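Engineer:
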Amino acid sequence: MTAEIIDGKAFAATIRDKVAGHVARLKEEHGITPGLAVVLVGEDPASQVYVRNKGKMTREVGMESVEHRLPEDTSEADLLSLVEHLNADPAIHGILVQLPLPDHIDSDKVINAIAPAKDVDGFHISNVGLLGTGQKSMVPCTPLGCLMMLRDQLGSLSGLDAVVIGRSNIVGKPMAHLLLGDSCTVTIAHSRTKNLAEVVKRADIVVAAVGRPQMVPGDWIKPGATVIDVGINRVPGEGEKMRLVGDVDFASASERAGAITPVPGGVGPMTIACLLANTVTACCRANG
Ligand code: GUN
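So this is what it looks like as structure tokens:
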């Protein structure tokens with residue numbers, strides 16, 4: 001079997017088009033422009049790239065983008081006071097503090113200082129609790145993008161066996177809650193899981209989010225399964241070049257899966273599209 005390739009880039013473009021239409025209507029009919037503030041502390045190169053892309057895409061859909069770039073030695077108190085300021089700013093509907101933060105700053109404290117209604121990452125403890133109890137919440141962008149691709153591919157997910165590899169707060173845990181919300185039978189696997197191969201072999205849906213290059217070989221994949229690869233790992237390529245690979249060995253997995261996301265061009269573009277969608281949702285909720 002040769003898997004269908006799930007085109008996250010094209011799917012994300014359709015979401016951004018819808019968001020742009022929504023933003024245009026909010027402007028025309030209500031005179032409101034959704035605003036997203038992104039806060040970056042320090043010089044982490046990967047974070048700088050993400051933040052630049054987020055700003056560009058935010059402007060492209062017609063929203064206001066505000067970027068706060070703070071030095072590495074910014075104090076926790078100063079960061080908290082910026083968050084307070086953004087919480088109180090009516091032109092800002094979404095706040096994203098780029099992670100990881102420098103070690104001297106308590107990330108949980110900062111995330112939990114964001115007004116839950118403006119927490120477009122869905123990381124605030126209130127949003128985590130709402131998602132965990134199946135209530136309306138801000139949903140973390142990467143798992144939301146994965147869920148949208150799965151629903152698009154499979155229609156109903158009810159009763160399917162799903163395995164999420166990775167238990168991070170950003171992807172693994174919220175992903176498991178979303179799949180449970182869609183009535184999957186969910187297993188969360190992680191670095192201590194015994195017989196990971198056997199666990200993965202049972203799954204109709206595999207979401208890999210561990211950050212280990214190509215750790216899932218194709219012969220673990222149940223024939224016809226849908227594979228969502230969240231990993232973005234840099235490995236040596238030809239000559240001096242680096243190349244990006246996922247957590248799944250794409251070449252062998254695509255011979256067994258029914259459908260699979262590529263890396264790059266799968267989950268990655270969906271994350272920013274969902275961030276923009278969450279910002280519009282936050283803006284609409286703030287304005288009744
Ligand atoms: N760092 C890596 N992924 C994310 C994300 O989704 N949100 C934030 N705030 N930081 C990140």
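Quick note on numbering: the sequence shown equals residues 1 to 288 in the UniProt record's numbering.
From the three backbone atoms N, C-alpha and C, an ideal C-beta is built for every residue, glycine too.
Since this is a predicted model, take the numbers as computed values, not measurements.
Would you report the Cα separation of L70 and A273, rounded to the nearest angstrom?
Structural biologist: The residue labelled residue 70 in the question sits at position 70 within the sequence shown. The residue labelled residue 273 in the question sits at position 273 within the sequence shown. The alpha-carbon atoms of L70 and A273 are separated by roughly 25 Å.
Engineer: Take every Cβ of the segment 3-18, pair it with every Cβ of the segment 135-151, and state whether three or more of those distances are shorter than 8 Å.
Structural biologist: yes
Engineer: Hey, could you find the ends of the beta strand (DSSP E) A13 is sitting in?
Structural biologist: If you number the sequence shown from 1, residue 13 lands on position 13. A13 -> not in any beta strand (DSSP E); alpha helix (DSSP H) instead, spanning G8 to H30.
Engineer: Alpha carbon to alpha carbon, how far is G166 from G224? Give it in angstroms, no decimals.
Structural biologist: Translated into positions along the sequence shown, residue 224 becomes position 224. Translated into positions along the sequence shown, residue 166 becomes position 166. Taking the straight line from one Cα to the other gives about 22 Å.
Engineer: Which residues does DSSP pair with S168 in a beta bridge?
Structural biologist: Within the sequence shown, numbered from 1, the residue matching residue 168 stands at position 168. None; S168 has no bridge partner.
Engineer: Any heavy atom of ligand 1 closer than 6 Å to the CB of V121?
Structural biologist: Looking up residue 121 in the sequence shown gives position 121. The residue you asked about is not Val; residue 121 is Asp in the sequence shown. Yes, the Cβ of D121 comes within 6 Å of a heavy atom of ligand 1.
Engineer: Any heavy atom of ligand 1 closer than 6 Å to the Cβ of L96?
Structural biologist: The residue you call residue 96 lines up with position 96 of the sequence shown. Yes, the beta carbon of L96 sits closer than 6 Å to at least one heavy atom of ligand 1.
Engineer: Using the three-state DSSP reduction, which class does N195 fall into: helix, strand or coil?
Structural biologist: Sequence index remark: in the sequence shown, residue 195 carries index 195 (1-based). Three-state DSSP puts N195 in coil, outside helix and strand.
Engineer: How many whole angstroms separate the CB atoms of V19 and V61, which I take to be in contact at a CB cut-off of 8 Å?
Structural biologist: Along the sequence shown, one-based indexing puts residue 19 at 19. Along the sequence shown, one-based indexing puts residue 61 at 61. V19 to V61, Cβ: 5 Å. Contact.
Engineer: DSSP has E67 in a bridge; who is on the other side?
Structural biologist: As a first step, residue 67 is located in the sequence shown; it is residue number 67 there, counting from the start. Paired residues: V38.
Engineer: Examine ligand 1 and report whether any of its heavy atoms sits within less than 6 Å of the Cβ of L131.
Structural biologist: By one-based count along the sequence shown, residue 131 stands at place 131. No; taking the cut-off as 6 Å, the Cβ of L131 has no heavy atom of ligand 1 nearer than that.
Engineer: Shorter than 6 Å, the distance from the beta carbon of D276 to the closest heavy atom of ligand 1, or not?
Structural biologist: The residue you call residue 276 lines up with position 276 of the sequence shown. Asp is not the amino acid found at residue 276; the sequence shown has Leu there. False, no ligand heavy atom lies under 6 Å from that Cβ.
Engineer: Could you check which residue in L275, G288, L244 and V110 has the C-alpha nearest to that of V263?
Structural biologist: Indexing the sequence shown from 1 puts residue 263 at position 263. Of the candidates L275, G288, L244 and V110, the one whose C-alpha sits nearest the C-alpha of V263 is L244.
Engineer: Please classify I272: does DSSP put it in a helix, a strand, or coil?
Structural biologist: By one-based count along the sequence shown, residue 272 stands at place 272. Helix, per DSSP.
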